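Colleague: Residues 0 to 89, numbered by numbering that gives the first Met the number 0, are exactly what the sequence shown covers, in order.
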Amino acid sequence: MAVAEPRLPEQRLARQFGEALRGRRKARGYTQDDLAAMIGTNRRFISELERGKGTSYLGPALAAAEALGLNLAALLDERRGGSAPALPPA
0 MAVAEPRLPE
10 QRLARQFGEA
20 LRGRRKARGY
30 TQDDLAAMIG
40 TNRRFISELE
50 RGKGTSYLGP
60 ALAAAEALGL
70 NLAALLDERR
80 GGSAPALPPA
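1. Counting only the same chain and skipping the five closest in sequence on each side, list residues whose C-beta sits under 6 Å from that of residue 51.
2. With burial defined as no fewer than 16 other Cβ atoms inside 10 Å of the residue's Cβ, what is the status of residue 57: buried or exposed?
3. Give the secondary structure of residue 67 by DSSP, where H, G and I count as helix, E and B as strand, and everything else as coil.
4. Apart from the five residues on each side of it in sequence, which residues of its chain come closer than 7 Å, Cβ to Cβ, to residue 62?
5. Is the beta carbon of residue 7 closer than 8 Å to that of residue 64?
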């Protein structure tokens with residue numbers, strides 16, 4: 000069964016953010032439990048965040064991104080088609 004594309008921009012951005020977070024977490028060899036421990040939350044939150052669930056809170060989401068070295072400005076530039084600075088090495 001195909002996953003429906005989100006209709007609202009917030010949903011689409013949450014899904015894109017979650018996918019980027021999941022990709023970086025896996026590239027660094029962390030489990031969801033590892034990342035949760037790094038930012039003081041639980042695995043369920045990380046799972047929901049990676050799936051783009053709209054009930055995720057921005058503060059912990061940004062903490063998770065920072066813990067994995069994600070540059071949010073670069074992600075936004077990529078989304079706009081600009082020339083984004085390179086992400087820090089994994």
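Backbone N, C-alpha and C define an ideal beta-carbon position, used for all residues, glycine too.
This structure is a prediction, so every number in the text was calculated from the model and none was measured.
Modeller: Straight from the coordinates:
1. Only residues of its own chain outside the window of five on either side were considered, and among them 13, 14 and 17 have a CB closer than 6 Å to the CB of residue 51, listed in chain order.
2. With fewer than 16 other CB atoms across the displayed protein chains lying within 10 angstroms of its CB, residue 57 is exposed.
3. Of the three classes helix, strand and coil, the one that applies to residue 67 here is coil, per DSSP.
4. Cβ neighbours of residue 62 beyond the five flanking positions: 38.
5. Not closer than 8 Å, so no.
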